[in-house]
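Each protein sequence line maps, in turn, to chains A and B.
Position 14, counted from 1, in the first sequence is what UniProt numbering calls 14; the numbers after and before it change by one each time, with no gaps.
Position 34, counted from 1, in the second sequence is what UniProt numbering calls 34; the numbers after and before it change by one each time, with no gaps.
Data block below; observations after.
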Amino acid sequence: MPKRRDILAIVLIVLPWTLLITVWHQSAIAPLFAIRKDDGTETRHDTGPATDSKEYCSQDKDIVEVVRTEYVYTRPPPWSDVLPTIHVITPTYSRPVQKAELTRLANTFLHVPNLHWILVEDSQRRTPLVTRLLRETGLNYTHLNVETPRNYKLRGDTRDPRIPRGTMQRNLALRWLRETFNSNSSQAGIVYFADDDNTYSLELFEEMRSTRKVSVWPVAFVGGLRYESPKVNAAGKVYGWKTVFDPHRPFAIDMAGFAINLRLILFKPQAYFKLRGVKGGYQESSLLRELVTLSDLEPKAANCTKILVWHTRTEKPVLVNEGKKGFTDPNVEI
Amino acid sequence: MRMRLKLKTVFVLYFTVSLLGLIYALMQLGQRCDCRGHDMSKDQQISQLRGELQKLQEHIKTELNKKTDVPKIYVITPTYARLVQKAELTRLSHTFLHVPQLHWIVVEDAPQPTLLVTDFLAASGLTYTHLHKLTPKDRKLQEGDPSWLKPRGAEQRNEGLRWLREMGAAAEGKEAAALEEAVVYFADDDNTYSLQLFEEMRYTYRVSVWPVGLVGGMKFERPVVEDGKVVRFHTGWRPNRPFPIDMAGFAVSLRLILTSPQARFDGDAQMGFLESSFLQHLVTMDELEPKADLCTKVLVWHTRTEKPKMKREDALQKQGLGSDPDVEV
Numbered sequence: 001m002p003k004r005r006d007i008l009a010i011v012l013i014v015l016p017w018t019l020l021i022t023v024w025h026q027s028a029i030a031p032l033f034a035i036r037k038d039d040g041t042e043t044r045h046d047t048g049p050a051t052d053s054k055e056y057c058s059q060d061k062d063i064v065e066v067v068r069t070e071y072v073y074t075r076p077p078p079w080s081d082v083l084p085t086i087h088v089i090t091p092t093y094s095r096p097v098q099k100a101e102l103t104r105l106a107n108t109f110l111h112v113p114n115l116h117w118i119l120v121e122d123s124q125r126r127t128p129l130v131t132r133l134l135r136e137t138g139l140n141y142t143h144l145n146v147e148t149p150r151n152y153k154l155r156g157d158t159r160d161p162r163i164p165r166g167t168m169q170r171n172l173a174l175r176w177l178r179e180t181f182n183s184n185s186s187q188a189g190i191v192y193f194a195d196d197d198n199t200y201s202l203e204l205f206e207e208m209r210s211t212r213k214v215s216v217w218p219v220a221f222v223g224g225l226r227y228e229s230p231k232v233n234a235a236g237k238v239y240g241w242k243t244v245f246d247p248h249r250p251f252a253i254d255m256a257g258f259a260i261n262l263r264l265i266l267f268k269p270q271a272y273f274k275l276r277g278v279k280g281g282y283q284e285s286s287l288l289r290e291l292v293t294l295s296d297l298e299p300k301a302a303n304c305t306k307i308l309v310w311h312t313r314t315e316k317p318v319l320v321n322e323g324k325k326g327f328t329d330p331n332v333e334i
Numbered sequence: 001m002r003m004r005l006k007l008k009t010v011f012v013l014y015f016t017v018s019l020l021g022l023i024y025a026l027m028q029l030g031q032r033c034d035c036r037g038h039d040m041s042k043d044q045q046i047s048q049l050r051g052e053l054q055k056l057q058e059h060i061k062t063e064l065n066k067k068t069d070v071p072k073i074y075v076i077t078p079t080y081a082r083l084v085q086k087a088e089l090t091r092l093s094h095t096f097l098h099v100p101q102l103h104w105i106v107v108e109d110a111p112q113p114t115l116l117v118t119d120f121l122a123a124s125g126l127t128y129t130h131l132h133k134l135t136p137k138d139r140k141l142q143e144g145d146p147s148w149l150k151p152r153g154a155e156q157r158n159e160g161l162r163w164l165r166e167m168g169a170a171a172e173g174k175e176a177a178a179l180e181e182a183v184v185y186f187a188d189d190d191n192t193y194s195l196q197l198f199e200e201m202r203y204t205y206r207v208s209v210w211p212v213g214l215v216g217g218m219k220f221e222r223p224v225v226e227d228g229k230v231v232r233f234h235t236g237w238r239p240n241r242p243f244p245i246d247m248a249g250f251a252v253s254l255r256l257i258l259t260s261p262q263a264r265f266d267g268d269a270q271m272g273f274l275e276s277s278f279l280q281h282l283v284t285m286d287e288l289e290p291k292a293d294l295c296t297k298v299l300v301w302h303t304r305t306e307k308p309k310m311k312r313e314d315a316l317q318k319q320g321l322g323s324d325p326d327v328e329v
């Protein structure tokens, strides 16, 4: 009798523990495998199998729940740990329509998750107008500035015609990215050059998010056409350029028509836009040819058949009634 | 005996604790999420997230409009087909998507609704009404006419007003009460609007006004406010008009529109008098409500978009080699 009792006691002691261990073991194994596979993804759960798999799972669920509720009440959308960050580089300069352009651009960007806006002013100092605007939008931003040297020997206001507008600003942003992110970090990012007067659809940002090296797509209203587009063959590879203006350029594409994976930018730290001696229309090629070949390009926007970005230009407002002395209060910011 | 008792107690305690622990753990585990998700490749994850994004965007729209305690803003936008139309409407919609309780009334200058605008509005995520009204030929600007020659959009705005009045007459109960608080704003598709502007106009009793940037040949035009009332208008061009204010510079309460059925835009009005032709039926200058910090801040800009150069496109089309017309631009 006591023997049976003893056995019963032992069984009762051991049973719960074996059950517990089996169940934990099972659920611990699955995420272990997942972590091993997902070495490229940004996950903060790289503490490994030591963490409870249950915590991992419920955290994921919680993230989704949080995103659902917070998106409703906050702009921009909450930061996601999984989506690659889109670093948007925008050169800008002071002129009457600047605040308007940046305002409507910000209104678009506020819809894009994981967007980091790198705004580079063509100025000696960062202006209060842009500083205030950036702060008020609530966007994740970096505010830089570099002044394109003016050649005063030329008439009036013209800048050195040999340096295309925006080049020094874009290069500064590239340098900032290289100084801020080292190639060993697993931070997934995409770099896009967005001028402040173009129009961008929200779909465009989701198309570029999956860029492995350099992705391309059509751009409307450039090159004197309804749109310019890369030529894509049946195998889904880019083999040429559908443009009228110099289609034999290495990359006959507008600044708004491509995006580059951040890893590639970091991997080739010498690649910059060429400052001087660049023929009209060759600026984009001056950077891209150092990074990628034609066959490496990834066509997006339904194999380059949809227009997701428009190269709009804003008219210069007629300020004739301001007269010589200025009619309106100069303290009111426009 | 004592020893045995101790052991027995220990054992019982141990058994209870471990059983409770197991039950607790099983309950926690019972709520496990689908761990299969972690085996997905990066691409699958991204497309799954895209799906999430879409769902979230749908959710914002419904959530934003659930804020039913704020007055609704009806925005009337006349639009017409030209190259930059889709681009203009796209970036405009991005601004409107941030504004709660906004109802967009898009009126095309066309004999029937176009596919471009129909598809665009359906995908926009906004609450909208799609109307159309063709401007009669004699009132329409011809190619090469300067933009100021004939007033534009009058018929379309009147069509928007007609729809609002129709809706107002048909509404009853809670709906009708909500309409009492609503505001109507005329927003052209090429201007630029800050988000703050909509919050300024939301509480309008009759007609509220504010400065407009980059208009009238000046950096901005504005009503001049003294003692909280508008006394005159600061503008560089024809300041003696009854209301020398741009279309983007005022909003009207829906109540006032519904109680003044004769108020409409006069398509034959002289240059610059379109706004006055409408406002003079509704309000006097001292009744105007100044917004935007007593009309000292610029929250809307009268931007205009350049017409894109199509030299090469035109040349190609002459040769029959124009770009694919099926690709919507």
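Just so it is clear, CB atoms sit at the ideal spot from N, CA and C, and this is done for glycine as well.
Query, Result
"Residue of 109(A), 332(A), 120(A), 7(A) minimising C-alpha distance to residue 148(A)", "120(A)"
"Test: residue 238(A) CB closer than 9 Å to a CB of chain B", "no"
"Assumed close pair residue 253(B), residue 183(B) - CB separation to whole angstroms, cut-off 8 Å", "6 Å"
"Rounded straight-line distance, which links the Cα of residue 216(A) to that of residue 135(A)", "32 Å"
"Span of the alpha helix (DSSP H) around residue 171(A)", "167 to 180"
"Interface residues of the stretch 219 to 239 of chain A facing chain B [CB-CB below 7 Å]", "220, 221, 223, 224, 225, 226, 227"
"Distance CB(residue 330(B))-CB(residue 221(B)) smaller than 9 Å", "For chain B, the structure presents residues 1 to 329; residue 330(B) sits outside this window and is missing."
"Buried or exposed by the 16-neighbour rule on C-beta atoms within 10 Å, applied to residue 314(A)", "buried"
"CB-CB length for residue 260(A) against residue 241(A), believed under 8 Å", "Not a contact, Cβ separation roughly 18 Å."
"Same chain, Cβ closer than 7 Å to residue 285(B), five either side skipped, listed in chain order", "230"
"Cβ pair residue 294(A), residue 239(A) closer than 9 Å", "yes"
"Residue(s) in a DSSP beta bridge with residue 232(B)", "224(B)"
"Alpha-carbon to alpha-carbon, residue 301(A) and residue 284(A)", "20 Å"
"Within chain B, the residues that residue 19(A) reaches when beta carbons sit closer than 7 Å", "22"
"Residues within the stretch 288 to 311 of chain B neighbouring chain A, beta-carbon criterion of under 7 Å", "296, 298, 301, 303, 304, 305, 306, 308, 309, 310, 311"
"Top-ranked residue by Cα proximity to residue 277(B), from 283(B), 289(B), 264(B), 288(B)", "264(B)"
"Which of helix, strand or coil DSSP assigns to residue 310(A)", "strand"
"Residues near residue 136(B) by beta carbon distance below 7 Å, same chain, minus five either side", "none"
"Buried or exposed (CB count within 10 angstroms, at least 16 for buried), residue 101(B)", "buried"
"Any C-beta of chain A under 9 Å from that of residue 87(B)", "yes"
"Continuous beta strand (DSSP E) stretch holding residue 253(B): start and end", "250 to 253"
"DSSP-derived helix/strand/coil call for residue 115(A)", "strand"
"Within the stretch 182 to 214 of chain A, ranges of the alpha helix (DSSP H) (whole runs, at least 4 residues)", "202 to 208"
"Burial state of residue 197(A), where buried means 16 or more other Cβ atoms lie within 10 Å", "buried"
"Residues in the stretch 308 to 320 of chain A having any Cβ partner in chain B nearer than 7 Å", "310, 312, 313, 314, 315, 317, 318, 319, 320"
"Test: residue 78(B) CB closer than 9 Å to a CB of chain A", "no"
"Proximal residues of chain B, C-beta to C-beta of residue 212(A) below 9 Å", "Going along chain B, no residue has its Cβ under 9 Å from residue 212(A), so there is no contact; the nearest lies around 10 Å."
"Listed by chain order, chain B residues near residue 327(A) by CB distance under 7 Å", "218, 236"
"Inter-residue spacing [alpha-carbon to alpha-carbon] between residue 319(B) and residue 221(A)", "20 Å"
"N- and C-terminal bounds of the alpha helix (DSSP H) containing residue 154(B)", "154 to 170"
"Run of the alpha helix (DSSP H) containing residue 273(A), from where it starts to where it stops", "Residue 273(A) -> no alpha helix (DSSP H), and no H or E assigned at all."
"Reference residue 295(B); option with closest CA among 75(B), 105(B), 6(B), 212(B)", "212(B)"
"8 Å Cβ shell around residue 260(B) - same chain, five flanking residues per side excluded", "281, 282"
"Where residue 110(A) meets chain B, residues with beta-carbon distance less than 7 Å", "98"
"Residue 86(A) beta carbon less than 9 Å from that of residue 192(A)", "yes"
"Per-residue DSSP class, three states only, for residue 267(A)", "helix"
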